[in-house]
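Going left to right, the sequence shown walks through residues 9 to 135 as my numbering numbers them. Read through the structure below, which is laid out as structure tokens, and then see the notes.
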Amino acid sequence: MNFTSAMVTEQTFKVKDITAFRIEMARLRIPELEVSLTELSYSVEEDGKIWLGGYDADLQYFNEETQDYEDVVPIIQKHMAEGEACVVQGAGSEGLRYVAGWVAVITPTKVVTKNLNDVTKELKAVA
């Protein structure tokens with residue numbers, strides 16, 4: 009069986025400078041949504057807010073210089089407008105054997121994440 013996954017932005021966010029954000033995404037080879045939905049992609053919504061997501065996407069990008077995957081969160085934070093928050097959710101499965109999921113809340117200064125295993129433990133403790 010193959011593991012399949014998807015990531016979506018539950019709460020979109022504004023950036024300080026949309027042109028600078030687009031240039032940074034192009035430098036990292038993160039495509040606009042019209043180009044691809046595989047791996048990490050982004051789009052600029054009608055209200056100017058940013059959406060991130062895609063099939064088999066994660067909050068990482070492939071760095072051509074280091075030939076390794078790197079965290080895109082600090083780059084998002086650098087461009088994020090003051091007072092904004094981004095909520096990203098991811099889920100995946102391998103047939104009916106494994107199910108994984110997580111949520112990340114990203115602000116310009118902080119990142120908080122939780123996965124389904126953490127949520128399950130917390131719910132069991134109060135049930």
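Ideal Cβ placement from N, Cα and C applies to all residues, glycine included.
For the alpha helix (DSSP H) containing residue i, name the first residue and the last one.
i	result
I58	That residue, I58, is in no alpha helix (DSSP H); its beta strand (DSSP E) goes 58-63.
A28	26-35
V81	81-87
Which of helix, strand or coil does DSSP assign to residue i?
i	result
V119	strand
A93	coil
E102	strand
N10	coil
Roughly how many whole angstroms lie between the Cα atoms of residue i and residue j?
i	j	result
T46	D25	25 Å
F11	F29	31 Å
G100	T17	15 Å
What is the residue span of the beta strand (DSSP E) that residue i lies within?
i	result
T20	Segment: none, T20 is in no beta strand (DSSP E) and carries neither H nor E.
Q68	68-71
So residue i and residue j are supposed to be a Cβ contact under 8 Å. How far apart are they, rounded?
i	j	result
Q97	P116	With a Cβ gap of about 20 Å, Q97 and P116 do not count as contacting.
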